[in-house]
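Inspection log for the structure reproduced underneath, given as structure tokens.
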Amino acid sequence: MFKWLEKNLPKIVMAPAVGLIGWFVYGFVLWTLYISFTNSKILPKYELWGVGQYVKLWGSRKWLIAVDNLLIFTALFLIFCVVIGIILAIFLDQKIRAEGVLRTIYLYPMALSFIVTGTAWKWILNPTLGIQKMFIDWGFENFTFDWLVNREMAIYTIVIAGVWQSAGFVMALFLAGLRSVEDEIVKAAKIDGANLFTVYWKILLPMMRPVFFTSFVILVHISIKSYDLIVALTQGGPGISTTMPALYMTQTAFHKSQVGLSAASAMMMFMAVAAVIIPYLYSELRRENAR
Amino acid sequence: MQDNIHTSYKQLEQRSKYTNMFLRWFLYLVLILFALYFIFPLYVMIVTSLKTMEEIRQGTLLTWPSGLNFDSWAVAWGGRGYGAGDTFLKPYFWNSIKMVVPAVFFSTFIGAMTGYVLTKWRFKGDQWVFLFLLFGCFIPFQAILLPMARTLGVLGISNSVIGLVLVHTVYGIPFTTLFFRNYYISVPTELVKAARIDGAGFFKIFFKILLPISAPIIVVTVIWQFTQIWNDFLFGSTFSFGEAAPIQVALNNMVLSSTSVKEYNVDMASAIIAGVPTLIVYVLAGKYFIRGLTSGAVKG
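Read top to bottom, the protein sequences are chains B and W. Start counting the first sequence at 47; every next residue gets the next number (this note's numbering). Start counting the second sequence at 986; every next residue gets the next number (this note's numbering).
Structure, rendered in structure tokens:
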């Protein structure tokens, strides 16, 4: 008995973690998947109903708006975060004075919650007393900046706040990547007459392929899950113009009591994340095994 | 001829010196402009929180406050002293502390144990077990919200701090496991083997050999978990309301539920109070924060 215990102790220690994750992650996802095939309203029902919820979901105007917003947000969020992140990383890599201070400034938004960020930006972007008033007081009398309350433009305020929060993170990833490149490579290229621009454009950035990949995965992941920022900044408004899938899911579940429909939307989000993550995990593992 | 080459080279050198100087100025200009962009909201938050509403209406976002006026901080933290409808952050701040401390402790401890087993007591298929746990880093939590709400209800701990501790502990395990596993994998296994030959057991090896050298990764993990849990809004707002809510939920309610007049100074003071703990950690231990961020990200 004692011998058995000793031999299996590592597995026994592993058991709680595996059990918890098995139940709370895999079990729960399967439960949500099952419920998405039922006609559950306020309480879950367990008779299968087929794909009706998915049909309903993709016929819903609000969900289509949410998906549309997600695509716009993800594209802009990705582009701006990566471009700003790379510029900052390359510039900081030039033996800059006060690099530490600048780095700290670029990255501190990551320590704040999206609710804090959203609250701050909501105040800054509000048309009555915020940026608009600042420019008018400075003498630009016809200056208008009402994106926050403008149906067409409100989604871009979420991009502004989101990029502000996450661009520094991309910078940190790229800076770490650039610093891990051997100095010799850069020196050799310079001796061959390559200028700094060529060194980065032709040699270093192509070497950063894995970092691009990582940033892409993380940023897409953040944007699919984005919920807090929208709640704090626009609550999905004006109207439903800034709804995103995560917001749609919780509203459908907890305000509209359409449990089946909300499970279907959750599964769509799950599949979107899986489509990005599984290839990523696969390539990461292959890289690790190759080492 | 020789001379000619020499002068032209000198000219070239001179010219490249000028372009270099220009480039450096440009470099600093861009870096400083971005720094201003990143600082701007924090600056606005701080000055707004120190102004009176009158000052806010008269000045602009950037105007310096007339004095150090902490009234709105006092209101944000302790309320105005009248009964119903007076929401303020103090009780929710403590809710968050009561939630964060045990959740960080349990998730870090479990992660250390699993990381230890996965690297030093390897068994057949351990890689699959790791992958099994790792996938938990990525699931969109919307896919588990509904069953979680029901489970907390069945356990009788919905709308309580204990419920949130459970939730945060469980969904922290994939990350803490990842951190410890990646750290312990670089510790030479020979150390463990030698200790095993000397008769040291599972726990003795952990506490005598692994734990003493784990300080850096414990710091990274604790900071990561602390920041994640403190800043969480999705779980907090879904599984708690009213008195059990953590601070981010309370902040959001305060900002949204303003009565007749919007008090931006109180809003900003509240936002700062809710953000200060993680900011302090970031400023004091930025190095570890970044390490967690990049390694948590590179793999998770």
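Glycine is no exception: its CB is placed at the ideal position from the N, C-alpha and C atoms.
Where do the N-terminal and C-terminal ends of the alpha helix (DSSP H) with residue i fall, by residue?
{"i": "ARG1181/W", "result": "1174-1182"}
{"i": "CYS1122/W", "result": "Where CYS1122/W is concerned, there is no enclosing alpha helix (DSSP H), given that its DSSP letter is neither H nor E."}
{"i": "ILE1202/W", "result": "1200-1216"}
{"i": "MET1253/W", "result": "1249-1269"}
{"i": "LYS236/B", "result": "229-237"}
{"i": "ASN85/B", "result": "Careful: ASN85/B lies outside any alpha helix (DSSP H) and carries neither H nor E."}
{"i": "GLY214/B", "result": "200-225"}
{"i": "PHE48/B", "result": "48-67"}
{"i": "ASN1144/W", "result": "Run containing ASN1144/W: none; DSSP gives neither H nor E here."}
{"i": "GLU1039/W", "result": "1038-1043"}
{"i": "PHE160/B", "result": "160-171"}
{"i": "TYR80/B", "result": "74-81"}
{"i": "PRO291/B", "result": "291-296"}
Strictly under 8 angstroms for the Cβ-Cβ distance: is residue i near chain W by that measure?
{"i": "ALA63/B", "result": "yes"}
{"i": "SER106/B", "result": "no"}
{"i": "GLN304/B", "result": "no"}
{"i": "LYS233/B", "result": "no"}
{"i": "LEU307/B", "result": "no"}
{"i": "PRO325/B", "result": "no"}
{"i": "LEU219/B", "result": "yes"}
{"i": "PRO284/B", "result": "no"}
{"i": "LYS49/B", "result": "no"}
{"i": "VAL339/B", "result": "Absent from the model: residue 339/B. The displayed extent of chain B is 47 to 337, so no value can be given."}
{"i": "THR280/B", "result": "no"}
{"i": "MET295/B", "result": "yes"}
{"i": "ALA299/B", "result": "yes"}
{"i": "ILE142/B", "result": "yes"}
Just to check, is the beta-carbon of residue i closer than 7 angstroms to a non-hydrogen atom of the ligand FMN?
{"i": "ILE264/B", "result": "You won't find the ligand FMN in this model; it holds no ligand whatsoever."}
How about residue i: is its C-beta nearer than 8 angstroms to some C-beta of chain B?
{"i": "VAL1283/W", "result": "Residue placement at VAL1283/W cannot be trusted, given a pLDDT of 46 that sits under 50; what the coordinates show is reported in the next sentence. Output row for VAL1283/W: interface = yes."}
{"i": "SER1211/W", "result": "For the record, residue 1211/W in the displayed sequence is Phe; it is not Ser. Cβ-Cβ to chain B under 8 angstroms: no for PHE1211/W."}
{"i": "ARG1042/W", "result": "yes"}
{"i": "VAL1207/W", "result": "no"}
{"i": "TRP1106/W", "result": "yes"}
{"i": "LEU1176/W", "result": "no"}
{"i": "ILE1275/W", "result": "yes"}
{"i": "LEU1018/W", "result": "no"}
{"i": "MET986/W", "result": "At MET986/W the pLDDT is 49, less than 50, meaning the model places this residue with poor confidence and gives no usable figure here."}
{"i": "LEU1236/W", "result": "yes"}
{"i": "VAL1204/W", "result": "no"}
{"i": "ALA1256/W", "result": "yes"}
{"i": "ALA1088/W", "result": "no"}
{"i": "PHE1165/W", "result": "no"}
{"i": "LYS1075/W", "result": "no"}
Return the chain-ordered list of same chain residues with a C-beta closer than 7 angstroms to the C-beta of residue i, the five sequence neighbours on each side being excluded.
{"i": "VAL227/B", "result": "LEU250, MET253"}
{"i": "ILE118/B", "result": "ILE201"}
{"i": "ALA1256/W", "result": "MET1030, LEU1236"}
{"i": "THR78/B", "result": "ALA309, ALA312, MET313"}
Taking 6 angstroms as the limit between beta carbons, can you name the residues of its chain near residue i, skipping five residues before and five after?
{"i": "LYS1036/W", "result": "PRO1050, ASN1250"}
{"i": "PHE191/B", "result": "ILE177, GLN178"}
{"i": "LEU1058/W", "result": "The residue asked about is misnamed: residue 1058/W is Trp in this sequence, not Leu. The residues are ALA1254."}
{"i": "GLY1100/W", "result": "THR1162, PHE1165, ARG1166, TYR1169"}
{"i": "HIS1153/W", "result": "ALA1088, ILE1214"}
Less than 8 angstroms between C-beta atoms, sequence neighbours within five positions excluded: which residues of the same chain meet that for residue i?
{"i": "LEU103/B", "result": "TRP109, LEU307, ALA310, SER311, MET314"}
{"i": "LEU66/B", "result": "none"}
{"i": "ALA240/B", "result": "LYS248, ILE249"}
{"i": "GLY1044/W", "result": "LYS1036"}
{"i": "THR163/B", "result": "PRO155, ALA207, TRP210, GLN211, LEU275, ALA278"}
{"i": "VAL263/B", "result": "VAL322, ILE323, TYR326"}
Q. Any residues in the segment 59-84 of chain B with a beta carbon nearer than 7 angstroms to a beta carbon of chain W? Which ones, in chain order?
A. VAL59, MET60, PRO62, ALA63, VAL64, LEU66, ILE67, PHE70, VAL71, PHE74, VAL75, TRP77, THR78, ILE81
Q) Name the residues in the segment 247-276 of chain B whose C-beta lies less than 8 angstroms from a C-beta of chain W; which are they? A) THR260, ILE264, HIS267, ILE270, LYS271, TYR273, ASP274
Q.
Pairs of beta-carbons, one from the segment 1024-1034 of chain W and one from the segment 1049-1059 of chain W, closer than 8 angstroms: are there three or more?
A. yes
**Q.** Short-range partners of chain B found in the segment 1113-1129 of chain W, where Cβ spacing is below 8 angstroms
**A.** VAL1114, LEU1116, PHE1117, LEU1118, LEU1119, PHE1120, GLY1121, PHE1123, ILE1124, PRO1125, PHE1126, GLN1127, ALA1128, ILE1129
Q | Cβ contact check for the segment 232-251 of chain B and the segment 1185-1193 of chain W: 3 or more pairs under 8 angstroms | A | no
Q: Could you please tell me which residues of the segment 163-192 of chain B, in chain order, have their CB closer than 7 angstroms to any CB of chain W?
A: THR165, ALA166, TRP167, TRP169, ILE170, LEU175, GLY176, ILE177, LYS179, MET180, ASP183
Q: Below 9 angstroms between beta carbons is the criterion; list the residues of the segment 146-162 of chain B that meet it against any residue of chain W, in chain order.
A: GLY146, VAL147, LEU148, ARG149, THR150, ILE151, TYR152, LEU153, TYR154, PRO155, MET156, ALA157, LEU158, SER159, PHE160, ILE161, VAL162
Q: Evaluate contact between the segment 251-271 of chain B and the segment 1086-1097 of chain W, counting only Cβ atoms and requiring at least three cross-stretch pairs below 8 angstroms.
A: no
(Q) Measuring CB atoms only, is the segment 1259-1273 of chain W touching the segment 179-186 of chain B, in the sense that at least three cross pairs come out at less than 8 angstroms? (A) no
Q.
With a threshold of 8 angstroms, are at least 3 pairs of Cβ atoms found where one atom belongs to the segment 158-174 of chain B and the other to the segment 1214-1228 of chain W?
A. yes
Q | Short-range partners of chain W found in the segment 87-115 of chain B, where Cβ spacing is below 7 angstroms | A | none
Q: Report yes or no: do the segment 137-147 of chain B and the segment 215-232 of chain B share at least 3 C-beta pairs separated by less than 8 angstroms?
A: yes
Q) Quick one: any contact between the segment 199-216 of chain B and the segment 111-126 of chain B, if contact means 3 or more CB pairs under 8 angstroms? A) yes
(Q) Within 8 angstroms, do at least three Cβ pairs link the segment 1154-1167 of chain W to the segment 1089-1098 of chain W? (A) yes
Q. Quick check: the segment 1099-1119 of chain W against the segment 56-63 of chain B, are there 3 or more CB pairs under 8 angstroms?
A. yes
Q. Would the segment 161-173 of chain B and the segment 81-93 of chain B be scored as touching if the rule is three or more Cβ pairs under 8 angstroms?
A. no
Q: Please determine if the segment 288-299 of chain B and the segment 1141-1159 of chain W are in contact, where contact requires at least 3 C-beta pairs separated by less than 8 angstroms.
A: no
Q.
To be precise: take each residue of the segment 1020-1031 of chain W, compare its Cβ to all Cβ atoms of chain B, and keep it if any distance is under 7 angstroms. Which residues remain?
A. ALA1020, PHE1023, ILE1024, PRO1026, VAL1029, MET1030
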